[in-house]
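Those protein sequences? They're chains Z and A, same order as listed.
Taken in order, the first sequence gives residues 488 to 845; the numbers are from this note's numbering.
Taken in order, the second sequence gives residues 144 to 422; the numbers are from this note's numbering.
Quick reminder that beta carbons are idealized off the backbone N, C-alpha and C, glycines included.
Comments concern the structure below.
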Amino acid sequence: MAPQLLQGSDAVAQAAIAAGCRFFAGYPMLPFTDLLESMARRLPEVDGVCMNAESEIEAVNMALGAGAAGARAGTGSCGQGIALMQEAIAEAALNEVPFVVFNMARGQQDYFQATRGGGWGDYRTLCFAPKDVSEAVEHTQLLFHLADQYRAPVMLYGDYLIAHTYMSVDVVPIDFGPLPPKDWALDGSLGGTGKSRQIWTWAMGKAGDPGPGPDLHWQRIAEKFEEMARVETRWESIDCEGAETVVVSFGTAGPFVEQVVGELRADGVRIGAFRPITLWPFPEAALAEACRSADRVLVFEVNAGQMIDDVRLAVAGRVPVSPLGRVSIDFSGMRQGEILTVPWIRDRVHQAIKEVKV
Amino acid sequence: MTTPSPAGPTGAGVPAGGPAAAVLIATDAPPTVPNRKVAGALAPLQLSGEHHLCPGCGHPVAWRLLLEAIAELGLANRAIGVVGHGCYTNIVSLADIDFLQCLHGRAPAVATGVKRVQPDTAVFTLQGDGDLASEGLAEVLHAAARGERITTIMLNNGVFGDTGGQMTAASVVGQRTKTSLDGRQPEAHGYPVPVAELVATLQGSVYVARGAVHNAGSVAKTKRYLKRAFELATSGAGFTFVEVLTMCPTGWFLPTADGPDYIQDTFEQTYPLGALKDV
Chain Z
488 MAPQLLQGSD AVAQAAIAAG CRFFAGYPML PFTDLLESMA RRLPEVDGVC
538 MNAESEIEAV NMALGAGAAG ARAGTGSCGQ GIALMQEAIA EAALNEVPFV
588 VFNMARGQQD YFQATRGGGW GDYRTLCFAP KDVSEAVEHT QLLFHLADQY
638 RAPVMLYGDY LIAHTYMSVD VVPIDFGPLP PKDWALDGSL GGTGKSRQIW
688 TWAMGKAGDP GPGPDLHWQR IAEKFEEMAR VETRWESIDC EGAETVVVSF
738 GTAGPFVEQV VGELRADGVR IGAFRPITLW PFPEAALAEA CRSADRVLVF
788 EVNAGQMIDD VRLAVAGRVP VSPLGRVSID FSGMRQGEIL TVPWIRDRVH
838 QAIKEVKV
Chain A
144 MTTPSPAGPT GAGVPAGGPA AAVLIATDAP PTVPNRKVAG ALAPLQLSGE
194 HHLCPGCGHP VAWRLLLEAI AELGLANRAI GVVGHGCYTN IVSLADIDFL
244 QCLHGRAPAV ATGVKRVQPD TAVFTLQGDG DLASEGLAEV LHAAARGERI
294 TTIMLNNGVF GDTGGQMTAA SVVGQRTKTS LDGRQPEAHG YPVPVAELVA
344 TLQGSVYVAR GAVHNAGSVA KTKRYLKRAF ELATSGAGFT FVEVLTMCPT
394 GWFLPTADGP DYIQDTFEQT YPLGALKDV
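Following this line, the structure appears as structure tokens:
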């Protein structure tokens, strides 16, 4: 295929289908709606199914059912809709059903519920936050692979800028290597053979062939998430070597911060930018290393301060950490906000540097 | 309330004109030879007779009918059960078919996902009235309206049995529970939700029936309902629904043996038995 000018939602839909997604269920909510529309248009072309679920709760449970039956499945929403899905995301983490949740968030106020989860139990949700449509296309395909590899629900943290920006992208299937067969998936074929399957958060097994039970099962899952944290952490660090100031941002805010940092560096300011690509697992060690020479860390996020908690944990009190952003419905799609502009961010950074020096 | 059997012989025996092969065991006198197990009591596909359910519970009878229906229709190696949360959840460990245990109330949505990507399977949900009529009414109505090719089975005992006897949306008027101490009062608690009747009004449902397991005739009819429901759903006709009234003497605060009479005298007045829809 050749590069095409695609709207982000359609590019993500094509990437999902290129990754083998054949089942999608959703409920409209801006700015997620366009992805649902693209899936409804494109999935039937590949004999896939797109469901108009009656609520976000049903949508995520449909995806769970399709995932349990072995399909590559997806669902999505944003904000309050993601909140409604949290119970099922937790359930899927604990009964090990893979699917991808597309959180086309309203701004960055979903950081907590993307990284902490709102469901019950000791689980984590692997979460990628692409900076633009091109990265979203790659992350979408990788997430379907990682969901199957770890048998876990995973999340793409997009937003209005991912969902509605047009970008020239080439959606080609990416080969991430072989995966084990889905011999755990339910198809009914082993009924009556003594080897029938079971997907159950309590993992009680069958009479005569007991499972590990909840304690051992959940402990093993906790260890699986520790392994994911060791292996799957991703980040981007720009000019942090020797920097006195490091600005941390995530998702589509990243390119704006990158531009600000580039301009200031050209002016002689010793400043770098750091962007977690995985929100969970958060790149704690890499951020601590990036801030080694810094005497201040600034966190730009479009919310009242959510990721800043993780930044503070990462630097563990060695460097003062200050917030730069603020609440805005900027890039919610409802209306244009004011804070996501290079001059606005640059002014804030200038101000922060001066404040610390005085 | 059951009346205790009168003492003394009641004349039990082989009725005149009955099948020649019928062997009835007289129960009006102590046995002359020690009773012993003469055959296995497990249903087809049942892995164990051990379960944690209370004496007098109707669920095991419903389980048996479900497994017999699946086995007799030759669906054992195509069946996928999606099971909600309740006393009946234990079937996930006790039957030799594929099971997915899911969140409270969500089984019809989960089953939709399963069936849509495995269209050749026989997908059914097993839920209670707390799971389905209270927590998950939206899921079952929308699955029915969409005409999903699945069978939903609701075991209705009008009470949250697993949590110890609280009122559900299906508790009948006057029913005493731990959260309706003076009986379900319409002015305080509203009226029971007749799920089968609601499902029957939806165009996507092709078969709706309400059976029970409190006497031999109901047991036999309920099995026919289940088989018909599975046949129609797996043939692609549409959504099928079978409600089964089950005894819960523990949750009804009744002597164990009084469960069947309570169904007949109380539940059947609210939930009449029979096939409501068969297109």
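Beta-carbon separation (whole angstroms), residue i vs residue j, contact threshold 8 Å
i: residue 216(A); j: residue 374(A); result: 7 Å
i: residue 641(Z); j: residue 502(Z); result: Actually they are not in contact, since the Cβ atoms of residue 641(Z) and residue 502(Z) sit about 14 Å apart, beyond 8 Å.
i: residue 555(Z); j: residue 512(Z); result: Not a contact, Cβ separation roughly 13 Å.
i: residue 249(A); j: residue 279(A); result: 6 Å
i: residue 688(Z); j: residue 244(A); result: 7 Å
i: residue 308(A); j: residue 321(A); result: 5 Å
i: residue 359(A); j: residue 336(A); result: No, residue 359(A) and residue 336(A) are not in contact; Cβ-Cβ is about 29 Å, not under 8 Å.
i: residue 339(A); j: residue 303(A); result: Not a contact, Cβ separation roughly 20 Å.
i: residue 790(Z); j: residue 647(Z); result: No, residue 790(Z) and residue 647(Z) are not in contact; Cβ-Cβ is about 14 Å, not under 8 Å.
i: residue 608(Z); j: residue 573(Z); result: About 11 Å; that fails the 8 Å criterion.
i: residue 575(Z); j: residue 246(A); result: 6 Å
Cβ neighbours of residue i in the same chain (closer than 6 Å, five flanking residues each side left out)
i: residue 568(Z); result: 516, 543
i: residue 494(Z); result: 653
i: residue 558(Z); result: 509, 510
i: residue 379(A); result: 292
i: residue 161(A); result: Low confidence applies here, because residue 161(A) scores a pLDDT of 47, under 50, leaving its location unreliable; read the following figure in that light. Once the five neighbours on either side are set aside, residue 161(A) has no close Cβ partner at all.
i: residue 422(A); result: 349
i: residue 362(A); result: 356
i: residue 526(Z); result: 500, 511, 537
Span of the alpha helix (DSSP H) around residue i
i: residue 395(A); result: 392-395
i: residue 364(A); result: 359-377
i: residue 279(A); result: Note, residue 279(A): premise wrong, no alpha helix (DSSP H); not H, not E.
i: residue 514(Z); result: It is not in any alpha helix (DSSP H) - residue 514(Z) carries neither H nor E in the DSSP assignment.
i: residue 497(Z); result: 495-505
i: residue 676(Z); result: Careful: residue 676(Z) lies outside any alpha helix (DSSP H) and carries neither H nor E.
i: residue 708(Z); result: 700-718
i: residue 298(A); result: Taken as a continuous stretch (DSSP letters only), residue 298(A) belongs to no alpha helix (DSSP H), being part of the beta strand (DSSP E) at 294-299.
i: residue 600(Z); result: 598-602
i: residue 752(Z); result: 740-753
i: residue 621(Z); result: 620-637
Boundaries (first-last residue) of the beta strand (DSSP E) holding residue i
i: residue 549(Z); result: Not the beta strand (DSSP E): residue 549(Z) falls in the alpha helix (DSSP H), residues 543-555.
i: residue 767(Z); result: 765-767
i: residue 590(Z); result: 586-592
i: residue 388(A); result: 382-388
i: residue 236(A); result: Looking at the DSSP string, residue 236(A) is not in any beta strand (DSSP E); the run it does join, the alpha helix (DSSP H), is 234-237.
i: residue 538(Z); result: 536-539
i: residue 350(A); result: 348-355
i: residue 723(Z); result: 722-725
Rounded straight-line distance, which links the Cα of residue j to that of residue i
i: residue 403(A); j: residue 390(A); result: 6 Å
i: residue 821(Z); j: residue 612(Z); result: At residue 821(Z) the pLDDT is 49, less than 50, meaning the model places this residue with poor confidence and gives no usable figure here.
i: residue 703(Z); j: residue 815(Z); result: 44 Å
i: residue 254(A); j: residue 738(Z); result: 35 Å
i: residue 671(Z); j: residue 242(A); result: 11 Å
i: residue 269(A); j: residue 329(A); result: 28 Å
i: residue 795(Z); j: residue 735(Z); result: 9 Å
i: residue 720(Z); j: residue 266(A); result: 39 Å
i: residue 221(A); j: residue 239(A); result: 12 Å
i: residue 228(A); j: residue 617(Z); result: 38 Å
i: residue 541(Z); j: residue 334(A); result: 25 Å
i: residue 811(Z); j: residue 787(Z); result: 5 Å
i: residue 638(Z); j: residue 235(A); result: 21 Å
i: residue 413(A); j: residue 315(A); result: 7 Å
i: residue 756(Z); j: residue 834(Z); result: 14 Å
i: residue 407(A); j: residue 357(A); result: 8 Å
i: residue 802(Z); j: residue 773(Z); result: 10 Å
i: residue 632(Z); j: residue 692(Z); result: 27 Å
i: residue 489(Z); j: residue 655(Z); result: 10 Å
i: residue 233(A); j: residue 798(Z); result: 45 Å
Any non-hydrogen atom of the ligand PLP closer than 7 Å to residue i Cβ
i: residue 590(Z); result: With respect to the ligand PLP, the structure offers nothing, as it holds no ligand at all.
Own chain, CB closer than 7 Å to residue i, minus 5 neighbours either side, in chain order
i: residue 627(Z); result: 499, 502, 503, 506, 643
Residue i vs residue j beta-carbon contact at 8 Å
i: residue 761(Z); j: residue 827(Z); result: no
i: residue 765(Z); j: residue 614(Z); result: yes
i: residue 578(Z); j: residue 552(Z); result: no
i: residue 353(A); j: residue 397(A); result: no
i: residue 590(Z); j: residue 561(Z); result: no
i: residue 727(Z); j: residue 733(Z); result: yes
Beta-carbon neighbours of residue i, restricted to chain C and to distances below 7 Å
i: residue 236(A); result: Annotation note: the requested chain C is absent from the structure, which comprises protein chains Z and A.
Cβ shell of residue i (< 8 Å), same chain only, five flanking positions each side left out
i: residue 211(A); result: 186, 187, 366
i: residue 205(A); result: 231, 296, 298, 356, 365, 387, 389
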